[in-house]
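In case it helps, the numbering used here puts the sequence shown at residues 17 to 343.
For each residue, glycine too, the CB sits at the ideal point set by N, CA and C.
Fair warning: this is a prediction, and the values are worked out from it, not measured in the lab.
Here's the structure, in structure tokens; my notes come after.
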Amino acid sequence: MAAAAPFAQAAAAPSPCADVPHSDHPKASISNGVLDALVFLPDPNSGYYRSSRFDWSGIVGCVSLNGHRFFGEWFRNYDPMTNDAVTGPVEEFRSEEGALGYNIAKPGELFVKPGVGVLRKVDDSPYRFGYVYPLVDSGKWTVKTSKHAVIFTQRLTSPLGYAYIYQKKLTLSGDTMTLEHSLKNTGSKAITTDVYDHDFFIFDGQPTSPGMTIRFSFKPLPEEPLGDAVSLEGNDIMYKEELKPRQTVAGYIKGYSASPSDYHFTVEDTKNKVGIEQSSDSPISRFYLWSIRTTISPEAYIHLDVPPGKTGHWKIHYRFFAPPKNQ
17 MAAAAPFAQA
27 AAAPSPCADV
37 PHSDHPKASI
47 SNGVLDALVF
57 LPDPNSGYYR
67 SSRFDWSGIV
77 GCVSLNGHRF
87 FGEWFRNYDP
97 MTNDAVTGPV
107 EEFRSEEGAL
117 GYNIAKPGEL
127 FVKPGVGVLR
137 KVDDSPYRFG
147 YVYPLVDSGK
157 WTVKTSKHAV
167 IFTQRLTSPL
177 GYAYIYQKKL
187 TLSGDTMTLE
197 HSLKNTGSKA
207 ITTDVYDHDF
217 FIFDGQPTSP
227 GMTIRFSFKP
237 LPEEPLGDAV
247 SLEGNDIMYK
257 EELKPRQTVA
267 GYIKGYSASP
277 SDYHFTVEDT
287 KNKVGIEQSS
297 DSPISRFYLW
307 SIRTTISPEA
317 YIHLDVPPGK
327 TGHWKIHYRF
337 FAPPKNQ
């Protein structure tokens, strides 16, 4: 009988993204050897998210680095038709009227939400982002997946003069995930809207608590006081206490310039040295901070004004950092 080898090679530890809730929906698992990611795919019948608020593409269920897990379900009850039962980063196109053509539509008529599709107006109320509007047409989605990237394309036409080809390429490179977007206007009406990433940051499932900090490239100026749970020190917003269930720290923030360099901020759990640095090639048009016990969401808006026949482009980068988990 042969002697046992003195040292057995240890099996590679499974990725934290290998076990994600509700991962029975269409998804892609990608990796570049540094980052692992699980990305849910758009599907009008069985997609993880099928509601009318957020862009259906690029819904990230998990990113892992050095054994640490980023993102995840921050809500209690999952329902694919709930407007915000979704994991980040996710994007919403929000025009001045809420959605394209909403104000001129009569009850029963149509309007358009890029990344979702053609929706039906139900009454004379102003647009409500939390309401689930009936979906009439989600357009045609196609998805191409490689080892470390997913490309989503939505082609949509409507009887309203709004039509587009929207593409989002999610790529892993080193310690960074990049979302590269293009929006080609193939209709007869200009597409004028803002788009933001509702990041839903979570670090290893930890609650929002002391040591968590949002670091800006500019001095943040809240329009209204953010409350006693946080303090402002220079360019930082620092959490001083663990947020209680249903406690919120939220509000609009100014202080940024028209330079894309101000779209550069970091959210970090400083106690564990785990965080995400977010940047873009486009300037901030509006900034809203929303945080509760289970997640921190800096929402940096980008303005788009795309005439017929033209294409808008923008990129967003997420650089992840964390020490090896066993340290």
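Asked	Found
Neighbourhood of T208 by C-beta, 6 Å cutoff - its chain only, sequence neighbours within 5 removed	D321
Rounded separation between R85 and T310 - CA only	14 Å
Simplified DSSP state of P238, which is helix, strand or coil	strand
Proximity to L81 [Cα-Cα], best of W72, D139, G243 and I46	I46
Beta-carbon proximity list for Y180, same chain, < 7 Å, skipping 5 on both sides	P130, L172, L199, K200, N201, T202, G203 and I207
Bridge-paired residues (DSSP) for T194	T187 and H333
Contact set for K289: own chain, Cβ-Cβ below 6 Å, skip 5 residues either direction	P339
6 Å Cβ shell around T327 - same chain, five flanking residues per side excluded	S198 and K200
Local Cβ density within 10 Å of R69, reported as buried at 16 or more and exposed below that	buried
G325 to Y178 span [Cα, whole Å]	12 Å
Outcome for A101 when other beta-carbon atoms lying within 10 angstroms are tallied against a minimum of 16	buried
Cβ-Cβ distance between E107 and V265 below 8 Å	no
Test item: CB-CB of V10 and W72 under 8 Å	Residue 10 lies beyond the range of the chain shown here (17 to 343); nothing can be said about it.
Residue span of the beta strand (DSSP E) that contains G63, given as start and end	That residue, G63, is in no beta strand (DSSP E); it is neither H nor E in DSSP.
C-beta contact flag for I308 and T224 at 8 Å	yes
Inside the region 92–172 only - beta strand (DSSP E) runs reaching at least 3 residues	106–110, 126–129, 133–136, 151–153 and 156–161
Per-residue DSSP class, three states only, for A44	strand
Residues bridged to L81 [DSSP beta-bridge criterion]	L51 and H84
Per-residue burial, I312 [other beta carbons within 10 Å of its own, 16 or more giving buried]	buried
Nearest-angstrom Cα separation, counted from E125 out to D140	11 Å
Residue span of the beta strand (DSSP E) that contains W306, given as start and end	R302 to I308
Distance between beta carbons of W330 and D285, contact taken as under 8 Å	Their Cβ separation, rounded to whole angstroms, is 28 Å, which puts D285 and W330 out of contact at 8 Å.
C-beta atoms of F281 and W90 nearer than 8 Å	no
Rounded separation between R262 and R92 - CA only	12 Å
Assumed close pair Q170, G190 - CB separation to whole angstroms, cut-off 8 Å	With 8 Å as the limit, Q170 and G190 do not qualify as a contact, their Cβ atoms being about 28 Å apart.
Limits of the beta strand (DSSP E) - the one that D321 falls within	T311 to V322
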